[in-house]
Amino acid sequence: TTVSLADRAASLRQSDIRAVTQRVKEVGGINLGQGVCDLPTPQPIKDRAHQAIRDDASIYSHYAGIKPLRRAILEKEQAYNHVPATSPDEVVVGVGSTGVFVAAAFTLLEAGDEVLLFEPFYGYHRNILRMTGATVRYVPLGGPDSTFDRAAMEEALTPDTKAVVVNTPANPSGKVWTRDELATLVDVLHAHDLVAMTDEIYEYMLYDGAEHVSLASLPGGYERTITISGFSKAYNVTGWRLGYGVAPTPIAETMGLMNDALYICAPRPLQHAALAAFEDLDDDYVAQLQAEYAERRTLMCETLEDIGFDVPWPDGAYYVLARFGHLAAGRDGFSDDEAACETLIQEAKVGSVTGRSFYETPADGQYRLRFCFAKEMPVLEQACEQLRAAFG
80 TTVSLADRAA
90 SLRQSDIRAV
100 TQRVKEVGGI
110 NLGQGVCDLP
120 TPQPIKDRAH
130 QAIRDDASIY
140 SHYAGIKPLR
150 RAILEKEQAY
160 NHVPATSPDE
170 VVVGVGSTGV
180 FVAAAFTLLE
190 AGDEVLLFEP
200 FYGYHRNILR
210 MTGATVRYVP
220 LGGPDSTFDR
230 AAMEEALTPD
240 TKAVVVNTPA
250 NPSGKVWTRD
260 ELATLVDVLH
270 AHDLVAMTDE
280 IYEYMLYDGA
290 EHVSLASLPG
300 GYERTITISG
310 FSKAYNVTGW
320 RLGYGVAPTP
330 IAETMGLMND
340 ALYICAPRPL
350 QHAALAAFED
360 LDDDYVAQLQ
370 AEYAERRTLM
380 CETLEDIGFD
390 VPWPDGAYYV
400 LARFGHLAAG
410 RDGFSDDEAA
420 CETLIQEAKV
430 GSVTGRSFYE
440 TPADGQYRLR
450 FCFAKEMPVL
460 EQACEQLRAA
470 FG
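Numbering of the sequence shown is given in my numbering, commencing with residue 80 and proceeding in unit increments.
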């Protein structure tokens, strides 16, 4: 007998990113596909986790997170992000920034609603939005600089549009939204009665003087924004699943209840460990992190340019969405993104992600591949060497 599955489950499949991971394993290659950072976790965070486990911090916490962590997040959001939240009650700690995004999306959206997603998008955002029953509408960020176009956004709006997702710094493009773009977006939120969910998980990965601006910090922004971030990327704890959201009290309270219904709470001992990010690590840690990623970005982008890719250098995050359309005619194995991805695995033993994974219409990404440079330097150097040897 065949068990019939829910429609929301039927549309799920192994993400293209995980499929590439599998293929790279088969050839014993280096995976620059999946956005998994393999740098070590800072010692103070590990020490606090050990201590919390020794102290038996093992039972459920409050569904919105332990109070000291919520207070520390509040202070960080005030000082670094300039978000005008005033109470720990406006903070919800959840199961990774993705888990917080789920809680936010399920708090805001249901069947009959519409939500806007900018392209290129992060696939998990789209999957989660679809699960709420809402209809996703896509807004392209045009041109080499992925510029926000108010007219393109307003064209996608209908009377049913309720929310918009903003990812800055962005995966996969590395776009960092400018203060002017975000100010324009606040105008649109007010003009059309919309709420924004911002994914700011890469907020510390910035290059060439790019500035991270939180939408909620702008005049009129906070009351219409759920700000989402977490610890995974900056502190190399992707498997710990710790993220947070900051929103006005009525939204935050309901998100907390949604978090309770979905997950009960974030892992208790790891919440205690996360305090180290605020109490034991300082601005020097972030500066060091930025310098390390800047070095990797240069190596990755220069390598791709040298083997013939057209590379828009990212302003933030740790991905490069490189173009190879001009190679398609002249070089075997580069007819489109799927062929090019397979060619890189076969000939250089290096994994990347197909461009179509980030667009609603596959043709929009057919001459693009995404590379992740969040790797230990010797591993990244080896991958770049393999790319040059195969295609240089």
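For glycine and all other residues, C-beta sits at the position ideal for the given N, C-alpha and C.
All figures in this text were calculated on a predicted structure; none of them were measured in a lab.
Assumed close pair residue i, residue j - CB separation to whole angstroms, cut-off 8 angstroms
i, j, result
"Y283", "Q369", "7 angstroms"
"I386", "G108", "Their Cβ separation, rounded to whole angstroms, is 16 angstroms, which puts I386 and G108 out of contact at 8 angstroms."
"D168", "T328", "6 angstroms"
"T333", "T177", "Rounded, the Cβ-Cβ distance is 19 angstroms, inconsistent with contact."
"L273", "K241", "7 angstroms"
"G253", "G434", "No, G253 and G434 are not in contact; Cβ-Cβ is about 14 angstroms, not under 8 angstroms."
"Q445", "L148", "Contact flag wrong, Cβ pair sits at about 44 angstroms."
"Y142", "D339", "4 angstroms"
"A275", "V243", "5 angstroms"
"L466", "A419", "No, L466 and A419 are not in contact; Cβ-Cβ is about 12 angstroms, not under 8 angstroms."
"E156", "V292", "The pair is not a contact, with the Cβ atoms about 13 angstroms apart (cut-off 8 angstroms)."
Element boundaries [beta strand (DSSP E), containing residue i]
i, result
"K241", "T240 to N246"
"E193", "E193 to E198"
"P393", "Premise fails: P393 is in no beta strand (DSSP E) and is neither H nor E."
"A275", "V274 to D278"
"V170", "V170 to G173"
Coarse secondary structure for residue i, derived from DSSP in three states
i, result
"L354", "helix"
"A331", "helix"
"D472", "The chain is shown from 80 up to 471; residue 472 falls before or after that span and cannot be answered."
"L285", "strand"
"C451", "strand"
"R205", "helix"
"R410", "coil"
"P219", "strand"
"L400", "strand"
"I109", "strand"
"G430", "strand"
"V81", "Here residue 81 turns out to be Thr, not Val, going by the sequence shown. T81 falls in the coil class under three-state DSSP."
"T165", "coil"
"A340", "helix"
"G291", "According to the sequence shown, residue 291 is His rather than Gly. Residue state, collapsed to three classes: coil."
"Q101", "helix"
"P119", "coil"
"S176", "helix"
"S296", "helix"
"V187", "It is Leu, not Val, that sits at residue 187 in the sequence shown. Looking at L187 - three-state DSSP - the assignment turns out to be helix."
"Q445", "coil"
"I96", "helix"
Nearest neighbour of residue i, chosen from the options [CA to CA]
i, options, result
"D389", "G395, Y397, M379 and A396", "M379"
"A85", "E279, G212, R216 and A442", "G212"
"V429", "P441, Q461 and V399", "Q461"
"G300", "Y323, V265 and A89", "V265"
"I280", "A355, P147 and Y397", "Y397"
"G318", "G114, A262, Y286 and A88", "G114"
"K125", "L220, Y203 and L360", "L360"
"R347", "G112, K155, G175 and P163", "G175"
"I96", "A89, R87 and L111", "L111"
"S140", "Y364, V172 and L220", "V172"
"T214", "R127, D239 and A230", "D239"
"A453", "L236, D415 and N315", "N315"
"T382", "S166, R127, A468 and L220", "A468"
"K146", "Q465, G412, L236 and V170", "V170"
"E384", "G471, N246, C420 and S225", "G471"
"R229", "D259, F403 and A249", "D259"
"I330", "N250, A231, I307 and T440", "I307"
"E371", "C116, R447, D415 and G309", "C116"
"L321", "G335, C344 and Y438", "C344"
"P298", "S225, E421 and L261", "L261"
"E358", "L196, E154, F403 and E417", "E154"
"Y286", "E374, Q122 and R410", "E374"
"L400", "Y201, P123, V458 and T422", "Y201"
DSSP beta-bridge partners of residue i
i, result
"S308", "Y323"
"T214", "E193"
"T226", "G221"
Limits of the unbroken alpha helix (DSSP H) element including residue i
i, result
"P477", "One cannot answer for residue 477 here, as it falls past the ends of the chain, which runs 80 to 471."
"P123", "Q122 to R133"
"L153", "K146 to A158"
"V265", "R258 to H271"
"Q367", "D362 to D385"
"A88", "D86 to A89"
"R435", "It is not in any alpha helix (DSSP H) - R435 carries neither H nor E in the DSSP assignment."
"E234", "R229 to A235"
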